[in-house]
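In our numbering, the protein residues as written are 12 to 101.
First up is the structure itself, then whatever we jot down about it.
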Amino acid sequence: MAYREPLSDYRRAARMKWPEATVKGDGPWALLCQVTQTVTLYFLYMWAAADAAKEHSNWQCAAEHRLIEIKPLPLRKERPLRYTAEMERD
Ligand SMILES: [Zn+2]
């Protein structure tokens with residue numbers, strides 16, 4: 012099972028975006044709960060939306076929940092070859 016964690020780019024992006032919050036799960040859809048200071052990641056919007064409607068335990072925080080789509084943050088910054096080729100043309 013331990014083969015390079017292919018999905019951790021989303022977690023890395025979420026940690027950078029919300030350094031104070033606890034990041035759980037994985038995927039491009041972030042459910043941000045400012046009351047409990049947690050960010051839960053999901054692969055599908057519908058999963059995130061379903062959980063966004065629920066309270067975290069008895070915090071009554073569902074009204075504060077926000078769904079945000081995040082971009083993965085890869086470790087290496089490699090420009091796509093396509094762009095490089097376009098820039099070298101001039
Ligand atoms: Zn909450």
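Think of the CB as a built atom: it goes at the ideal place given N, C-alpha and C, for glycine as much as any other residue.
Buried or exposed for residue i, going by 16 or more other Cβ atoms inside 10 Å?
i   : result
A25 : buried
K82 : exposed
R77 : exposed
How about residue i and residue j: do their beta carbons lie closer than 8 Å?
i   : j   : result
T51 : K28 : no
D37 : R22 : yes
Determine which residues share a DSSP beta bridge with residue i and list them.
i   : result
T47 : T47 is not bridged to any residue.
E10 : Shown here, the chain extends from 12 to 101; a query on residue 10 therefore has no answer.
Y21 : Bridge partners of Y21: none, in fact.
Starting from residue i, trace the alpha helix (DSSP H) both ways and give me its first and last residue.
i   : result
A61 : Y56 to A63
For residue i, would you say it is in contact with chain B, using Cβ-to-Cβ distances shorter than 8 Å as the test?
i   : result
K35 : Judged by its chain identifiers, the structure shown contains no chain B, having just a single protein chain.
Under 6 Å from any heavy atom of ligand 1, by CB: list those residues in chain order, please. C44, V46, T47, H67, W70, C72 and H76
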